[in-house]
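These notes are about the structure you will find just below.
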Amino acid sequence: MMLASMLAAFVANVLLGLPLFVCLLLAAVVGFFFVDLSLLPRMLPQQLFAGIDVFSLMAIPLFILAGNLMNSAGLTPRLIDLAKALVGHLRGGLGYVNVVSSVFFAGVNGSAVADTSALGSLLVPAMKKEGYSTAYAAGLTAGSSLIGPIIPPSIFMILYASLTNTSVGDLFLAGVIPGLILGVAFMIMNWAYARKAQLAVTGTRPTLRGVTVALFQAAPALMAPFIIVAGIVFGFVTPTESGALIVAYAVAAGLFSRHLDWQGIKSAVCETTRLSCAIFLIIAASAVVSWLLAFAQVPSEFSVLLAPFSDSPIITLLLLSLITFVTGMLMEEVSALMLLTPVFLPVAMQAGVDPVHLGIIVTMNITIALITPPMGACVFVAAAVSKLDLSVMFRAIWPFVLVALCTLILLILLPQITLFLPELLG
Amino acid sequence: MIETLRTRLSQGLLLLACSLLVINLAILLYGVFARYLLNASPIWMDELARYLVIASVMLCAGTVYLRDEHMRVNIINRFATGRWGQLLALYHWLVVLLLTGFIAWVSARYAISIQRFMTPGLGISKSIPLLSLPIGFGALCLLTLLRGPVTHTAHSTEN
Amino acid sequence: SLQAQTINLSYNGAPDAEKNAVHLFASNLKKLVEEKTGGELELKLYPNSMLGEEQERMEQVMNTPSLNIASFGGVSPQFPEIFVSAIPFMFDGFDSARDFFDNGEYWKASQEEFYNRTGARILAVVEEGGFLAFTNNERPIHSPADFDGLRFRAMDKSQVALFESFGASGTPIPWTEVYMALRTGVADGQMNPPMYIILGSLFEVQKYLTLADIQYSDQFLIGNGELIDSLSEEDRKALQEAVVEANEINREAVESQVESRVKFLEEQGMEVYKPTEAELAEFQQIGQPSYIEWLKEQNIDQKWIDSALKDAGLAQ
Ligand code: NA
Ligand code: NA
């Protein structure tokens with residue numbers, strides 16, 4: 273009853289076009305009526321604040337800012353020049369570039385949202401110019417950004433590990449191959465799109481001279497991921513701090529190459545602030561809803577339902593994925609992960625699922641939730657950076673959700689894909 | 085007159101929000117610098133970074149609302165024209181006005197009620213960072229009031 | 068009566084009694100309370116900080132009829148004098164630590180003062196993982212001198228003070244980022260009881276373990292004052308008995324697990340060192356005064372420190 277009423281309030285107001293954070297807050301107010309209205313005056317502000325009072329979230333504005341600065345500094349065209357020199361002669365070249373740079377960026381940060389915002393603001397305008405539809409370009413950016421939290425490092429995996437006593441190292445290793453498979457899946461999709469959309473083959477075959485020049489020109493932009501990778505993987509800074517470093521680098525590189533001026537910095541900061549505001553308000557509001565669900569013990573009701581299926585690992589994982597998919601449609605991802613993992617673990621253990629395998633499946637699921645309407649952070653960011661209406665974006669994203677789901681099912685059916693690397697190296 | 089007030093307030097808040105974000109950046113950079121060159125970074129660093137970002141995003145919530153940059157689904161707005169459009173605009177206006185006003189009020193009371201809680205890093209009263217909630221929602225409420233129940237079309241107003 | 072009263076109990080960590088001693092306590096308490104009151108009182112468990120992090124949960128227990136298991140992070144903003152109970156190297160084993168809380172004057176006064184300030188009652192000291200140990204990735208630590216130049220992850224300011232007194236430095240890193248920070252060298256080491264070293268898989272990224280019995284690892288069961296007062300005489304007594312019994316079970320379990328956990332860490336490739344009496348005395352001589360100095364900087368009244376040291380048998 274409580275769930276149904278909250279859902280009704282939420283959906284009705286979403287359809288009426290109110291901002292999503294307002295819809296979430298309205299659903300929360302409805303929820304408090306069912307739980308205990310006297311809790312509202314304390315718990316609503318407390319959870320609004322606590323929902324965004326998380327250090328790792330602070331990386332979001334920084335990576336958005338870095339992307340905006342690189343844009344203002346005019347590095348986007350150079351990156352595109354390099355992409356053209358390398359794969360521009362292929363049909364749908366920039367689409368491949370989008371996916372490949374997602375793989376590249378994946379080694380840089382653990383959050384798909386940061387990825388979408390950085391790559392989206394870099395690549396969507398360029399893809400539009402090359403004849404892609406804005407919806408496809410935004411969809412591909414959001415879709416391929418899913419590779420981010422699958423390939424290490426990953427905030428989701430660190431959270432999962434802390435909840436389940438699983439080795440973070442094993443989880444990180446386990447994510448490498450699934451992440452690459454996801455990349456290949458999106459490239460196949462791009463190949464099909466490029467053929468169907470009859471994208472013009474604009475570039476000529478790459479020459480060594482052409483590639484060298486483009487590489488040299490794009491070096492400042494290409495250096496950025498290396499700095500982050502060196503920073504995190506080889507060890508100087510936490511992911512949030514690496515966001516700050518990359519912003520500093522972007523400013524320095526932009527000023528040095530004289531492509532960035534005071535006006536450019538100002539507008540980059542201004543845009544970042546507004547976009548961050550839009551994202552953080554949704555995170556904060558969904559934290560209130562998540563708290564209500566936890567308080568009403570909605571998660572533990574799931575585990576009772578799941579008990580009868582505990583003799584088959586595959587069926588169990590498929591069911592858990594289905595539940596995550598539905599939950600992820602309506603909920604903010606970190607809280608969904610925090611709520612579902614403790615419920616899932618005992619069920620999965622009983623069915624004989626390897627905890628590392630479960631970790632990758634859960635991470636993958638939660639990541640897919642990032643691009644599933646109506647509540648997917650990456651969809652929002654992709655729509656925002658592409659200046660695309662959300663309803664258009666919601667329709668455009670489904671093929672990408674489908675590709676990700678196919679990859680997920682492959683990973684569920686063949687645990688070896690996931691467990692190969694940790695068993696080899698771990 | 086009202087329009088000037090609204091624009092000034094909206095721009096002022098955005099400027100403040102931007103400055104807080106830049107200060108946050110500076111603090112994170114100082115933290116990295118301090119860890120490697122001074123071999124110790126201050127314990128309050130990550131707390132201050134969090135509070136600055138929270139204050140930043142809360143302060144410009146109203147500005148972002150006036151610019152219609154909060155994420156929302158734009159389906160019915162297209163079909164609702166004329167009288168229905170006005171009715172919908174009135175509904176939006178009332179809901180946002182009442183809800184944000186209510187949240188500003190409860191969060192102000194809440195912020196004051198936890199005055200005695202000290203933050204572990206900076207050692208300040210937890211009320212101080214929490215005040216960004218009532219200020220942010222209050223500004224959102226005020227700006228909505230000043231704008232009036234007009235149709236909210238995408239990317240139209242206030243630059 | 069037919070009408071069962073439901074009380075929420077929130078805490079951190081997974082609902083896994085094997086790995087999380089706090090859950091072991093919570094689930095035993097639930098079972099015992101329900102048995103003893105014939106189901107009149109029911110506990111609803113909220114593990115995994117589901118209802119909020121430390122400070123949020125502390126606020127909830129102060130303002131709503133509920134129970135909460137709080138760590139230092141939850142108690143200290145209201146009652147910084149709690150840090151006095153964590154003076155490093157104060158106990159020489161489980162018995163002296165338990166005696167300190169069961170029979171000491173400091174703890175009795177703390178419970179009263181906490182109630183005066185918050186209206187909530189500290190009902191029990193929940194033992195969670197034994198004693199804190201140092202880990203690091205640079206060199207074996209046998210005595211304070213080995214700390215020179217190392218960078219340690221610090222959870223709060225008191226830990227910074229401790230590390231600095233040994234010639235190391237402290238850097239703040241949230242728990243969720245500790246693994247990565249240690250792996251990549253953002254920090255060289257950290258301190259935690261073996262339970263958490265296993266929970267966070269820190270043994271994968273840390274080579275040396277020093278069992279220096281730094282601090283007793285505990286959390287605090289807090290009950291809303293009005294809730295406790297509103298219970299019938301019978302129910303209140305049943306709750307109190309259940310708390311004592313659940314705590315007893317926890318103490319036995321924790322103590323019996325300490326050795327197997329250290330052995331597990333050894334099997335995972337950690338080099339384990341148990342400092343000698345003389346080395347421990349050296350840790351105490353250097354670590355304690357600087358920590359006490361830090362307590363004074365926090366404006367903690369000397370009487371708390373004196374009383375605690377007297378209870379621990381360390382009064383000068
Ligand atoms: Na990516
Ligand atoms: Na979603």
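Protein chains in written order, with my numbering: chain D, 273 to 698; chain G, 85 to 243; chain B, 68 to 383. The beta carbon of each residue, even a glycine, is placed where N, CA and C say it ideally should be. Remember, predicted model here, so these are calculated numbers, not experimental data.
For the beta strand (DSSP E) containing K111 of chain B, name the first residue and the last one. Counting along the chain, the beta strand (DSSP E) containing K111 of chain B begins and ends at L108 to Y113.
Within chain D, partners of L66 of chain B - CB distance below 8 Å: Past the edges of chain B, shown from 68 to 383, lies residue 66 of chain B, and the structure says nothing about it.
Could you tell me whether the region 113 to 125 of chain B touches the region 333 to 345 of chain B, using the rule of 3 or more Cβ pairs below 8 Å? no
Same chain, Cβ closer than 8 Å to G451 of chain D, five either side skipped, listed in chain order: Setting aside the 5 residues that flank it on each side, G451 of chain D is surrounded in the same chain by V375, A378, I419, I422 and I423, each with a C-beta closer than 8 Å to its C-beta; the list follows chain order.
Using a Cβ cut-off of 8 Å, pull out every chain D residue sitting near A133 of chain G, in sequence order please. F327, M330 and T512
Looking at chain D, which residues of the region 80 to 102 of chain B have a Cβ within less than 8 Å of any of its Cβ atoms? A81, P82, D83 and K86
8 Å Cβ shell around V228 of chain D - same chain, five flanking residues per side excluded: The structure shown does not extend to residue 228 of chain D, since chain D is modelled only from 273 through 698, so no value can be given for it.
With a 10 Å radius around its C-beta and 16 neighbouring C-beta atoms as the bar for buried, classify L617 of chain D as buried or exposed. buried
Is the shortest distance between the beta-carbon of D152 of chain G and the beta-carbons of chain B less than 8 Å? At least 8 Å separates the CB of D152 of chain G from every CB of chain B.
Could you tell me if R467 of chain D is buried or exposed, where buried requires 16 or more neighbouring beta carbons within 10 angstroms of its beta carbon? By the neighbour-count definition (other C-beta atoms within 10 Å, threshold 16), R467 of chain D is an exposed residue.
Does the beta carbon of A550 of chain D come closer than 8 Å to any beta carbon on chain G? yes
Range covered by the alpha helix (DSSP H) that runs through Y78 of chain B: Careful: Y78 of chain B lies outside any alpha helix (DSSP H) and carries neither H nor E.
Runs of 3 residues minimum, wholly inside the region 191 to 242 of chain B: which ones carry the beta strand (DSSP E) assignment? 200 to 203, 218 to 221 and 236 to 239
Mind reading off the beta-carbon distance from T388 of chain D to A654 of chain D? Whole number of angstroms is fine, and I expect it under 8 Å. 5 Å
What do you get for Y120 of chain G, buried or exposed, if any count of 16 or more other CB atoms within 10 angstroms of its CB means buried? exposed
Taking A641 of chain D as the reference, give the member of D:D626, D:R667, D:L602 and D:Y465 with the closest Cα. D:L602
Going by DSSP, what residue range makes up the beta strand (DSSP E) through E338 of chain B? E338 to Y340 is the extent of the beta strand (DSSP E) around E338 of chain B.
Alpha carbons only, please: which of D:F327, D:L275, D:P313 and D:L311 is nearest the one belonging to W128 of chain G? D:F327
By the criterion of Cβ-Cβ separation under 8 Å, what are the contact partners of L311 of chain D in chain B? T131
Report the three-state DSSP secondary structure of I353 of chain B (helix, strand or coil). helix
So which residues on chain B does T599 of chain D lean against when the C-beta distance must stay under 9 Å? Going along chain B, no residue has its Cβ under 9 Å from T599 of chain D, so there is no contact; the nearest lies around 15 Å.
Please list, in chain order, the residues of the region 121 to 151 of chain B that have any C-beta partner in chain D closer than 9 Å. Q122, E123, E126, Q127, N130 and T131
Taking 8 Å as the threshold (C-beta atoms), are N340 of chain D and E543 of chain D in contact? Taking 8 Å as the cut-off, the beta carbon of E543 of chain D is found closer than this to the beta carbon of N340 of chain D.
In angstroms, rounded to a whole number, what distance separates the CA positions of M85 of chain G and D152 of chain G? 22 Å
How many angstroms separate the CA atom of A153 of chain B from the CA atom of E180 of chain B? 17 Å
Whole-angstrom distance between L358 of chain D and G482 of chain D, CA atom to CA atom: 9 Å
Give me the Cα-Cα distance between L487 of chain D and A525 of chain D, rounded to the nearest whole angstrom. L487 of chain D and A525 of chain D: Cα-Cα distance of roughly 15 Å.
Where V321 of chain B falls, given that 16 or more other Cβ within 10 Å makes a residue buried: buried
Under 7 Å Cβ to Cβ from A568 of chain D, same chain only, skipping five residues before and after it: list those, please. M274 and V307
Close Cβ partners of S210 of chain B (< 6 Å) along its chain, the five nearest in sequence each way excluded: E346 and E349
Proximal chain B residues relative to R314 of chain D, where beta-carbon distance stays under 9 Å: E126, Q127, N130 and T131
Residues of the region 644 to 656 of chain D with Cβ closer than 9 Å to any Cβ of chain B, in chain order: If you check each beta-carbon in the region 644 to 656 of chain D against every beta-carbon of chain B, none falls closer than 9 Å.
P144 of chain B: which of B:G267, B:F92, B:R184 and B:D166 sits nearest, CA to CA? B:R184
If you draw a straight line from the alpha carbon of L112 of chain G to that of L96 of chain B, how long is it in whole angstroms? 44 Å
Determine, using beta carbons only, whether S140 of chain G and L93 of chain G come nearer to each other than 8 Å. no
To the nearest angstrom, how far is it from the Cα of S240 of chain G to the Cα of R134 of chain G? Confidence in S240 of chain G is poor, its pLDDT being 39 and thus under 50, which makes the residue's placement unreliable; the coordinate value appears in the next sentence. The straight-line gap from Cα to Cα measures roughly 32 Å.
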